[in-house]
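Residue numbers (the numbering used here), protein chains in the order written: chain A, 12 to 423; chain B, 14 to 479.
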């Protein structure tokens, strides 16, 4: 369904040569932004409200002042906002809806062309290529086959006859093509799924392979001197490893851990668990898997990505920061926006993650989107955009959002 | 370091038993005036800018609640900026008690305002409660201290134990306030337990609800339904005082479309970043569409000034980009709608002649301005949202106010204030149409409406002679 990119025509356009933004990237940005302005009235309205007119978009790009370009808040792509027709090009007959994991119960939907999907896939492949190749990959997540199964797809489909996919199908497809000897070690728990169905809950229940089965797999890998990658869902992966006693697994420096798509807060899509402290997680996994503590930087990886943009930003563990440090994907320009002013912030400061990329958004108003996740900038390019970031903080429920009531005294 | 006490299945029995015993002992031998004086004393400490718990609150609450320092300081802790309020509270309630005994069907003076009952009086008697449980919301700061007034004695033989469930969004303020009560009267403090448990924790709630006589719930309608259902399941006798989602309205007469009104109105729209029950979400302007649009434009400018003094809290700084974009999207679809959103997206004022256009679901500094041919058509319009009605701020001519108050009371409004005073409820005012301190033993079933003449004076209301 999603094919590995091949041949000319589809490519992830490198944003930079060295420090400098390339002419080709900037020219593509200008074309994509103007097309987005013309095709999506909502984007035009947001620009005008920010005092930015069509010509200003060109000027901003030509002046390499991409921070001036208004972004679309990713929350608008939530299904409940009823803006999908305003944000996606429904006039084109083709396209696949990609839907988020719906942690909030309100998934985001983005329409993507086949090329868009390939570009997203390519971005994941680029991220995966930054991990060392291993001999065995154990995937703690529902499988790609499950993600693209009729039941899942049907549940996600909107009423417009287009195909729909869960977003996580794309990274799984990439993982299948990139990693060696990839095995899914999460299964549907049929008994509990059927029990759930009886009480009207149609969501499947998953279980990790038994403690013994997983241990056998890892023991065999150890015996044969194989290197192993464990990935990607931290809410499944962490408890699965913590089931073992210290010294029971001991893969040593041949173990690698690659997480992605969040879940640190204790919830990701249908998966629930306790919030996970990253420092404790790394320490615990080092102990259980026998990874030398000093090698955590080369053994623990994470990918920051979200539905409304194709890019996968690769990160590796930093003992100094007790967090992952991410490099911005090579085909994007990223700013951390001061939430109050909307202006970009610099190294050491915290801002909302805002990303610009002219590719991967052929069918959607996704050239420039802003997530309400906060990130801390580690260092920036000369043009002020973000080179590396850390401290990804998801939006929590707003204090003011809890509708309720209280009464007060007069202050006289 | 502030540690939040957590109620668990293991300690809940002991906690409840202890406060019940302490309350029985303390209130039996302490005069009501002495209890109110102690609470007054605790509250007045918060007026001192160098008071320790106050300083702690100002250091901590902006981080835990997401509201700005300025907002918490002036509006949250501003609650305590009054001298001897609780003595007034006691005497005002005695006046109201008298008024309730009469037919109550006319606006009668109480303290600085007027009150009137709507609906049919019922005769019902209950034993004075032993335990009141307060389930608090976190949409505002400071005001929650006042919930404790409910269990204080107005007469000899009254006063009961109180259990406070802290809101997840603000688990700190009530603990600090409890510290002040401890300072002035450790014995009074021991009649109260203030702590947290995760809503829906059956082991804790089953026991709490079984022992509780009255549950006072502030929160979303969903919270109220689930608390009420769990409480009734555990204890069929329990009474639920519910304070659900409310929304404020403003009515501006054609003679009041001036800068004084637009200058004061942001206080009613932007306090608590638009998330408080009294925050105005719809302003009815007497005039045509052009007059309403002009008013909306000037209101937006005034809201910028308000925002400079009271910035949006950190949480909403992030979501404002999306919230205002949603509003712009809605205006794009509806050509009869005009939006005024400043470049920093700190608020949205929308002018719409469309009677169905609403923004009431937005917990943000948003408001819709609507033209009306006459202020007297407004009660009918807002009466459609009876379940959410509470505060209405008015700026109309003197004769019109009483007439409007009558009509608004009939439709379910309970607190009528002057412009700029929407958030300043006085102690003698009903709470969502009820006087719960009096309802503890004798609910009268009627809907009470207050008209604040102090505020009304600024809007040109003449106090009628009693």
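Think of the CB as a built atom: it goes at the ideal place given N, C-alpha and C, for glycine as much as any other residue.
- C-alpha of residue 240/A to C-alpha of residue 267/A: approximately 5 Å in a straight line.
- Under the three-state reduction of DSSP output, residue 145/B falls in the strand class.
- When only Cα atoms are considered, residue 287/A and residue 181/B end up about 19 Å apart.
- Secondary-structure assignment with DSSP links residue 271/A through a beta bridge to 314/A.
- Counting only runs of 4 or more residues that sit fully inside the stretch 15 to 58 of chain B, the alpha helix (DSSP H) segments are 25 to 42, 45 to 58, in chain order.
- One alpha carbon belongs to residue 310/B, the other to residue 364/B, and they sit about 9 Å apart.
- Non-local beta-carbon contacts of residue 248/B in its own chain, meaning distances under 6 Å to residues more than five positions away in sequence, involve 222, 223 in chain order.
- Annotation for residue 379/A: 80, 82, 367 place their beta carbon closer than 6 Å to its own, counting only its chain and skipping 5 residues before and after.
- Secondary structure of residue 392/A (DSSP, three-state): coil.
- Just so you know, the alpha carbons of residue 337/A and residue 25/B end up roughly 46 Å apart.
- For residue 85/B, there is no enclosing alpha helix (DSSP H), as DSSP marks it with neither H nor E.
- DSSP places residue 193/A within a strand segment (E or B) once states are collapsed to three.
- Among the CB atoms of chain B, none fall inside 8 Å of the CB of residue 230/A.
- Excluding its 5 nearest sequence neighbours in each direction, residue 205/B has C-beta neighbours in its own chain below 6 Å: 175, listed in chain order.
- Residue 404/B carries a strand assignment under DSSP once its states are collapsed to helix, strand and coil.
- DSSP places residue 287/A outside both helix and strand once states are collapsed to three, so it counts as coil.
- Segment contact: the stretch 371 to 390 of chain A against the stretch 352 to 368 of chain B, fewer than three CB-CB distances shorter than 8 Å; contact not assigned.
- Under the three-pair Cβ rule at 8 Å, the stretch 405 to 418 of chain B does not count as touching the stretch 177 to 191 of chain B.
- Residue pairing by DSSP places residue 283/B in no beta bridge whatsoever.
- Within chain B, no residue has its beta carbon less than 7 Å from that of residue 305/A; the closest one is some 33 Å off.
- Taking C-beta atoms under 8 Å as the contact rule, residue 377/B and residue 333/B qualify, at a distance of about 7 Å.
- Counting along the chain, the unbroken alpha helix (DSSP H) around residue 162/A starts and ends at 161 to 167.
- By the neighbour-count criterion, in which a residue is buried when 16 or more other Cβ atoms sit within 10 angstroms of its Cβ, residue 201/A is exposed.
- By the Cβ rule, the stretch 238 to 257 of chain A does not count as touching the stretch 317 to 335 of chain A, because fewer than three pairs are nearer than 8 Å.
- Taking 8 Å as the cut-off, the beta carbon of residue 428/B is found closer than this to the beta carbon of residue 463/B.
- Leaving aside the five residues that flank residue 367/B on each side, the residues in its chain whose CB is nearer than 7 Å to its CB run, in chain order, 347, 349, 350.
- Where residue 110/A is concerned, the enclosing beta strand (DSSP E) starts and stops at 107 to 110.
- Secondary structure note for residue 175/B: it is in no alpha helix (DSSP H), and the uninterrupted beta strand (DSSP E) holding it is 174 to 178.
- Contact note: residue 91/A does not reach chain B at a C-beta cutoff of 8 Å; the least C-beta distance is about 10 Å.
- Straight through space, the alpha carbons of residue 31/A and residue 282/B are spaced by roughly 47 Å.
- DSSP places residue 297/A within a helical segment (H, G or I) once states are collapsed to three.
- Burial check for residue 63/B: the Cβ neighbour count within 10 Å stays below 16, so the residue is exposed.
- Using a C-beta cut-off of 8 Å, the stretch 184 to 193 of chain A makes contact with the stretch 123 to 142 of chain A, since at least three inter-stretch Cβ pairs fall below that distance.
- For residue 331/B, the enclosing alpha helix (DSSP H) begins and ends at 327 to 346.
- With its beta carbon at least 8 Å from every one in chain A, residue 128/B lies outside the interface.
- For the pair of segments examined, the stretch 273 to 285 of chain A was found not to touch the stretch 229 to 239 of chain A: the number of CB pairs separated by less than 8 Å stays below three.
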